[in-house]
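Peer 1: Structure in structure tokens, see below.
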Amino acid sequence: MIDYDKINMNEYALKLRRDGKTFKQIGDEFGVSRERARQRVAWGSRHEDKLERHEAATTMGDLFMSERAMNTINTLSALDMTFDEFLDNVSYKKMMHTPNLGKVTAKEIINTLKEKNVSEEKLAKWEGKNNKIKPYQAIAITIQSVCKNPDIKPKDRMKQIATILEPMLNEIFGSEYEPYEEDKL
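Residue numbers (my numbering): 838 to 1022.
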């Protein structure tokens, strides 16, 4: 699995080095030795292109995942496939039969696709989990997506959540659902 905290630290170390700081100064800021600071800067520069490609990824080959996950994608000849093409053309079962791929690496691929905004329903269907998303899961997903959206101001988030959830709650509880007076925004 990819540790994004370490990646961010390595990117920051590279930025400090490009700003003119010495390895000693970078090491002092991170509380590590000069050699460890040098290693972080080296890692950041080695993986800089991969990280940029991952941010703008449209195909499976552009994703930044572990070597094992990328070898799986390569073995399945899916490097040039878009995310939807991958899910449509490569079955979950076929992927799981790929040599050197286990549940942890499969989960990494799935989590990376979720990070790239592939729908939960499509991924669940692909995995063979044919059960629909439960209402409480839909509510949680809605709240998470609103809270993560940088375009919605923090003070407007509750109003946005209430607007989205009202029809969902009516569907779950029927038309008799009437929010309490203090619940209305």
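For every residue, glycine included, the Cβ atom is placed at its ideal position computed from N, Cα and C.
Looking at the strands, I want to know which residues DSSP matches up with Thr-949.
Peer 2: Within the sequence shown, the letter at position 112 stands for residue 949. DSSP output for Thr-949 lists no bridge partner at all.
Peer 1: Note down the Cα distance separating Asn-968 from Lys-930, rounded to an integer number of angstroms.
Peer 2: Numbered from its first residue, the sequence shown carries residue 968 at position 131. Numbered from its first residue, the sequence shown carries residue 930 at position 93. Its pLDDT being 49, under 50, Asn-968 is placed unreliably in this model, and the value from its coordinates should be taken loosely. So the alpha carbons of these two residues sit roughly 17 angstroms apart.
Peer 1: If distances are taken between C-alpha atoms only, which option among Asn-937, Ile-1001, Phe-901 and Lys-861 comes closest to Ile-976?
Peer 2: In the sequence shown, counting from the first residue as 1, residue 976 sits at position 139. Considering only alpha carbons, the answer is Ile-1001.
Peer 1: How about Asn-911 and Met-918: do their beta carbons lie closer than 9 angstroms?
Peer 2: Here the question's residue 911 lines up with position 74 in the sequence shown. Here the question's residue 918 lines up with position 81 in the sequence shown. Not in contact: Asn-911 and Met-918 (Cβ atoms no closer than 9 angstroms).
Peer 1: Count the other CB atoms within 10 Å of the CB of Gly-939; is the residue buried (16 or more) or exposed (fewer)?
Peer 2: Reading the sequence shown from its first residue, position 102 is the one you call residue 939. Gly-939 should be labelled exposed.
Peer 1: What is the residue span of the alpha helix (DSSP H) that His-891 lies within?
Peer 2: Here residue 891 refers to the residue found at position 54 when the sequence shown is read from its first residue. Run containing His-891: 871 to 892, per the alpha helix (DSSP H) assignment.
Peer 1: Thr-895 by DSSP, collapsed to three states: which one?
Peer 2: As a first step, residue 895 must be located in the sequence shown, where it is residue number 58. Coil.
Peer 1: With a CB to CB cut of under 8 angstroms and the five nearest residues on each side skipped, what residues in its chain are close to Arg-994?
Peer 2: Locating residue 994 in the sequence shown gives position 157, counting from the first residue. Excluding positions up to five away in sequence, the list reads Val-983 and Cys-984.
Peer 1: Does Thr-1077 come out as helix, strand or coil in the three-state DSSP assignment?
Peer 2: The first residue shown for the chain is 838 and the last is 1022, placing residue 1077 beyond what the model contains.
Peer 1: Contact defined as beta carbons within less than 8 angstroms: I believe Asn-847 pairs with Trp-880. What is the distance between those atoms, to the nearest angstrom?
Peer 2: Translated into positions along the sequence shown, residue 847 becomes position 10. Translated into positions along the sequence shown, residue 880 becomes position 43. Indeed they touch by this definition, with Cβ atoms about 5 angstroms apart.
Peer 1: How about Arg-877 and Leu-851: do their beta carbons lie closer than 9 angstroms?
Peer 2: Position 40 of the sequence shown, counted from the start, is the residue given in the question as residue 877. Position 14 of the sequence shown, counted from the start, is the residue given in the question as residue 851. In contact: Arg-877 and Leu-851 (Cβ atoms closer than 9 angstroms).
Peer 1: Among all the DSSP beta bridges, which residues are the ones paired with Thr-919?
Peer 2: Residue numbering aside, residue 919 sits at position 82 when the sequence shown is read from its first letter. Partner(s): Thr-896.
Peer 1: What is the rounded straight-line gap between the Cα of Ser-882 and the Cα of Leu-888?
Peer 2: Locating residue 882 in the sequence shown gives position 45, counting from the first residue. Locating residue 888 in the sequence shown gives position 51, counting from the first residue. Near 10 angstroms, if we compare the C-alpha coordinates of Leu-888 and Ser-882.
Peer 1: Are the CB atoms of Ser-914 and Trp-963 nearer to each other than 9 angstroms?
Peer 2: The residue given as residue 914 occupies position 77 in the sequence shown. The residue given as residue 963 occupies position 126 in the sequence shown. Contact: no.
Peer 1: Would you kindly check if the distance between the Cβ of Met-902 and the Cβ of Thr-949 is under 9 angstroms?
Peer 2: In the sequence shown, the residue the question calls residue 949 occupies position 112. In the sequence shown, the residue the question calls residue 902 occupies position 65. Yes. Within cutoff.
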